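Read through the structure below, which is laid out as structure tokens, and then see the notes.
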Amino acid sequence: MSKSLIITEKPSVASDIAKALGGFKKGKDYYENEQYLISWAVGHLFTLAVPASMKEQDKWDMKKLPIMPIEFELEPAEKMSGRVNVLRKLIKDKNVSEIINACDAGREGELIFRYIIQYAGTKKPIKRLWLQSMTPEAIRDAFARLRSDAEMQPLASAARSRNEADWLVGINATRAFTLRLSGGRGSSVTSLGRVQTPTLTIIVDRENKIKELKPRELHEIIGTFRPAVAGGEYAGRWFDEAFKKEESEIERTKRLLTRLQLNLPNAEQRLDSENGSLWDEHRAAPRLWHHEIAEAIQRKCSGKQGIVELEEKKPTTQVAPQLYDLTGLQREANSRLGFSAKRTLQIAQALYERHKAITYPRTDSRALPEDYLPTVRSTLGKIDNPFA
């Protein structure tokens, strides 16, 4: 009897699928029932290999650059040969009539599966299990709506393109710069990469800005206001309503002195153009560089009765915030909780896989698919009930 082989990205997902579908017996390397075999990868099983023609004489030489393979060759990653052999044997099994890609629902999951298929050299039919949640109900629902292989080709192409671009930039730029900086000897490797090198540039630029920063005092005026009618109090902040970013600080100082009728002799001359107070990216309407002007404004306002010149009331629409993508979640967790990006990802992955509490976290999308509406309504009902 023919069976479908399900390939997951990790053992825990294989276990969850087996539990959701039921009737499986667990062997050493796979689960099996009358309809399915389930086996797993362990993350990325393959790396792109240096072409065989270059391996024979793999001495770095500027004349051999750029390395531009017509077709990219695969080789099993370190310590992954055993898992590769298990999957290849199952794929080639005569009782396996089709293969179901159950790797993570994203670019990397698609790439992991595609490289397994490429290395095995199979032409058997492929379907895609697109899991957005790891609850048993979500798994069974996803099996009822398997996607075609043709539908997933754009994602597969995007995954391959990114991986191959990383490889091409990394191997060529690293060899070229290493040879150039070491005078052709190549004794100490200078590593460059498509992502790593621009990221390093951003870090260096940021570090240089920190080193070049010349700290200066700035002043803001905040007052406590007590409304005569409503009672209570609130904090209000003074701001220069005529502020313009393109106005120099000298011109602004002259304008404020005139408008506020302040007598501060030579105030504009005391602005130091060399330390950046004339033009500064941090200039803003509420900020003042002159301590004397700030104190003068405070004296003119303190203890005085204010006049409400304008009151506006109008209905507004507040749009619900978008969902988190992984980057946004990591940024927020770092800001609020001090978590590193790695720790946030580990927690999110555990919430997805182990606790079945959230949808797939490794996404760059901030929207749910249109067919997810019934699930959203059901989830909101469960959340809303205890707080109603």
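Going letter by letter, the sequence shown gives residues 20 to 407 in my numbering.
Just so it is clear, CB atoms sit at the ideal spot from N, CA and C, and this is done for glycine as well.
These numbers were taken from a predicted model, which means no experiment stands behind them.
- Counting only residues of its own chain and dropping the five nearest sequence neighbours on each side, F196 has a CB closer than 6 Å to the CB of T209 and L211.
- Rounded to whole angstroms, the gap between the alpha carbons of D259 and L276 is 12 Å.
- Boundaries for T277: no beta strand (DSSP E) harbours it, while the alpha helix (DSSP H) harbouring it runs E268 to R278, taken from the DSSP string.
- Residue range F65 to L67 is occupied by the beta strand (DSSP E) that includes L67.
- Per DSSP, F244 is not a residue of any alpha helix (DSSP H); the beta strand (DSSP E) it occupies stretches across I241 to F244.
- Counting C-beta pairs with one atom in each stretch, the stretch 53-69 and the stretch 95-104 have three or more that are closer than 8 Å, which means they touch.
- The beta carbon of C320 sits closer than 8 Å to those of I240, G242 and W257, all from its chain and outside the five residues before and after it, given in chain order.
- Distance from the CA of A139 to the CA of T336, rounded to the nearest whole angstrom, comes to 55 Å.
- Beyond the five residues adjoining it in sequence on each side, W79 comes within less than 8 Å, by CB distance, of R194, T197, L198 and G205 in the same chain, given in chain order.
- In chain order, E28 and C122 place their CB closer than 7 Å to the CB of G128, counting only its own chain and leaving out the 5 sequence neighbours on each side.
- When DSSP states are grouped into helix, strand and coil, R318 belongs to the helix group.
- Per DSSP, reduced to three states, the secondary structure at W59 is strand.
- Taking C-beta separations shorter than 7 Å and ignoring five residues to either side along the sequence, the partners of T382 in its chain run G125, D344 and L345, following chain order.
- For Q368, same chain residues with a beta-carbon under 7 Å away, outside a window of 5 residues either side, are P380 in chain order.
- Counting C-beta atoms within 10 angstroms of its own C-beta, T378 has 16 or more neighbours from the protein chains shown and is therefore classed as buried.
- Within the DSSP bridge table, the entry for V223 names no partner.
- Counting along the chain, no beta strand (DSSP E) covers I136; the unbroken alpha helix (DSSP H) around it starts and ends at R126 to A139.
- Taking the Cα positions, A39 is about 10 Å away from A33.
- A direct Cα-Cα distance of roughly 24 Å separates A169 from N114.
- Boundaries of the beta strand (DSSP E) harbouring Y253: Y253 to R256, taken from the DSSP string.
- The shortest CA-to-CA distance from A386 to any of Q365, S359 and A339 is the one to A339.
- Under the three-state reduction of DSSP output, N52 falls in the coil class, being neither helix nor strand.
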